[in-house]
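Here's the structure, in structure tokens; my notes come after.
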Amino acid sequence: MSRVKAFFKRKNIEVSLKRYGIDALGAMAQGLFCTLLVGTILDTLGTQLGIGFLAKPLIEIGGTGYTIGKFASAMVGPGMAVAIGFALNAPAMVLFSLIPVGYATNVMGGAGGPLAVYVLAIVAAEFGKMVSKETKIDILVTPIVTILVGVGLAYFVAAPIGKGAMAVGTLIKWATTQQPFVMGILVSVIVGIALTLPISSAAICAALSLTGLAGGAALAGCCANMVGFAVISFRENGWGGVVSQGLGTSMLQMGNIVRNPKIWIPAIAASAITGPVATCVFKLEMNGAAVSSGMGTCGLVGPIGVWTGWTNPSAEAVLDGAAAIVPTTGDWIGLALVAIVLPAVLSWVFGLICRKLGWIKDGDLKLQP
41 MSRVKAFFKR KNIEVSLKRY GIDALGAMAQ GLFCTLLVGT ILDTLGTQLG IGFLAKPLIE
101 IGGTGYTIGK FASAMVGPGM AVAIGFALNA PAMVLFSLIP VGYATNVMGG AGGPLAVYVL
161 AIVAAEFGKM VSKETKIDIL VTPIVTILVG VGLAYFVAAP IGKGAMAVGT LIKWATTQQP
221 FVMGILVSVI VGIALTLPIS SAAICAALSL TGLAGGAALA GCCANMVGFA VISFRENGWG
281 GVVSQGLGTS MLQMGNIVRN PKIWIPAIAA SAITGPVATC VFKLEMNGAA VSSGMGTCGL
341 VGPIGVWTGW TNPSAEAVLD GAAAIVPTTG DWIGLALVAI VLPAVLSWVF GLICRKLGWI
401 KDGDLKLQP
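Residues 41 to 409 (the numbering used here) make up the sequence shown, in order.
Structural data, given as structure tokens:
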């Protein structure tokens with residue numbers, strides 16, 4: 041056992057929740073963002089704003105025209121796999137070999153491909169690290185082992201993993217349509233908490249293909265945490281804090297949350313209200329790329345995802361019956377209220393109450409420089 045531990049240490053293989061559940065998952069979300077999400081945004085900008093070089097297909101492959109955005113979206117599997125390998129500190133040869141692994145796994149995983157890529161990219165990367173630089177023909181051994189392990193396992197388990205992820209996501213979406221009030225609260229609160237924790241709410245939403253009403257509830261929870269912390273910490277952090285948390289990430293407050301968990305109450309309480317407001321009052325659906333459901337106001341990706349879902353629904357959303365619409369004034373008002381106005385007002389009110397009760401004291405929300 042000691043020899044195995046020594047070997048793992050030498051190969052920088054760390055079997056831990058942080059390495060696999062935080063580092064790898066967070067990196068996967070970045071891979072999703074830089075491919076599928078950016079591609080979707082570029083396509084939407086091209087079609088809705090009439091930008092020719094973004095809207096016009098550059099080439100036709102198998103009868104399908106590919107725009108710049110579609111090329112970016114097509115690379116989602118390799119993007120996720122390479123990002124995960126990077127988070128696991130994979131050597132260059134392993135990292136590059138994860139490109140075909142990610143592509144094959146995502147295709148074989150179907151609509152639940154992101155979860156399959158997450159699992160199998162980790163396995164392939166760790167096996168590749170084990171053999172890396174162990175032989176004199178490393179240039180052959182390392183990529184062959186990485187690709188054979190990744191693609192070979194994908195052939196057998198990618199589809200079941202993908203179907204499992206889709207089944208869970210479908211159950212959540214079905215339950216949200218059947219019980220929009222209760223599920224609006226649960227999805228909003230849980231995904232909002234995940235966004236602030238050092239894990240990736242975006243990757244979770246993508247893995248479960250969380251779109252539709254459930255995606256709207258998830259968006260509400262994420263916005264409540266980001267906008268909420270930005271507002272209630274204004275007296276400590278000023279406008280810099282508003283930008284870094286409201287357009288960046290509420291994860292910046294994790295150190296303060298550990299010291300005083302009560303500072304989380306205003307944001308969580310706000311998300312418990314905005315979730316059902318989104319599902320029951322405005323019937324807000326997030327039908328863009330599922331990853332947008334877990335992004336909140338980070339770079340305004342969440343609201344942009346709602347917009348792209350209105351005009352150019354994602355493949356996942358289309359499978360659930362979504363279709364392009366022309367948004368009404370009411371749709372825009374609902375989005376503004378759920379994503380920004382209500383989180384700001386509710387969190388501010390709950391924050392004042394918590395301060396008067398002594399649960400939050402001056403300085404508790406101060407961000408460290």
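Ideal Cβ positions, reconstructed from N, Cα and C, are used throughout, including at glycine.
Among the options, which one has its Cα closest to the Cα of residue i?
i: residue 332; options: 245, 163, 93, 120; result: 245
i: residue 89; options: 306, 289, 354, 347; result: 347
i: residue 35; options: 175, 139, 172, 176; result: Only positions 41 to 409 of the chain appear in the structure, and residue 35 is not among them; the question remains open.
i: residue 260; options: 403, 236, 334; result: 334
i: residue 328; options: 80, 62, 51, 52; result: 80
i: residue 273; options: 82, 60, 93, 395; result: 395
i: residue 193; options: 177, 215, 160; result: 160
i: residue 50; options: 325, 130, 100, 302; result: 130
i: residue 354; options: 45, 59, 77; result: 77
i: residue 186; options: 199, 162, 311, 201; result: 162
i: residue 253; options: 227, 237, 278; result: 227
i: residue 69; options: 280, 144, 154; result: 154
i: residue 249; options: 151, 174, 345; result: 151
Taking the alpha-carbon positions, what's the residue i to residue j distance?
i: residue 190; j: residue 271; result: 45 angstroms
i: residue 255; j: residue 43; result: 47 angstroms
i: residue 218; j: residue 267; result: 29 angstroms
i: residue 382; j: residue 372; result: 14 angstroms
i: residue 165; j: residue 184; result: 12 angstroms
i: residue 156; j: residue 118; result: 12 angstroms
i: residue 215; j: residue 107; result: 36 angstroms
i: residue 392; j: residue 97; result: 53 angstroms
i: residue 180; j: residue 169; result: 14 angstroms
i: residue 132; j: residue 188; result: 17 angstroms
i: residue 303; j: residue 231; result: 18 angstroms
i: residue 287; j: residue 338; result: 4 angstroms
i: residue 197; j: residue 209; result: 18 angstroms
Per DSSP, what kind of secondary structure is residue i in: helix, strand or coil?
i: residue 104; result: strand
i: residue 239; result: coil
i: residue 99; result: strand
i: residue 326; result: strand
i: residue 146; result: helix
i: residue 130; result: coil
i: residue 219; result: coil
i: residue 332; result: helix
i: residue 407; result: coil
i: residue 314; result: helix
i: residue 356; result: helix
i: residue 75; result: helix
i: residue 54; result: coil
i: residue 120; result: helix
i: residue 337; result: coil
Would the beta-carbon of residue i be found less than 8 angstroms away from any heavy atom of the ligand HEM?
i: residue 230; result: The ligand HEM is not part of this structure, which contains no ligands at all.
If you follow the alpha helix (DSSP H) that residue i is part of, which residue opens it and which one closes it?
i: residue 174; result: Element bounds for residue 174: n/a, residue is neither H nor E.
i: residue 344; result: 341 to 351
i: residue 44; result: 42 to 50
i: residue 81; result: 78 to 89
i: residue 11; result: Any question about residue 11 goes unanswered here, given that the chain covers just 41 to 409.
Secondary structure, alpha helix (DSSP H): runs of 4+ residues fully inside the stretch 358 to 403: List check, alpha helix (DSSP H) in window: 369 to 376, 382 to 396.
4 or more residues per run - each alpha helix (DSSP H) lying fully within the stretch 245 to 312: Listed in chain order, they are 252 to 272, 274 to 283, 294 to 299.
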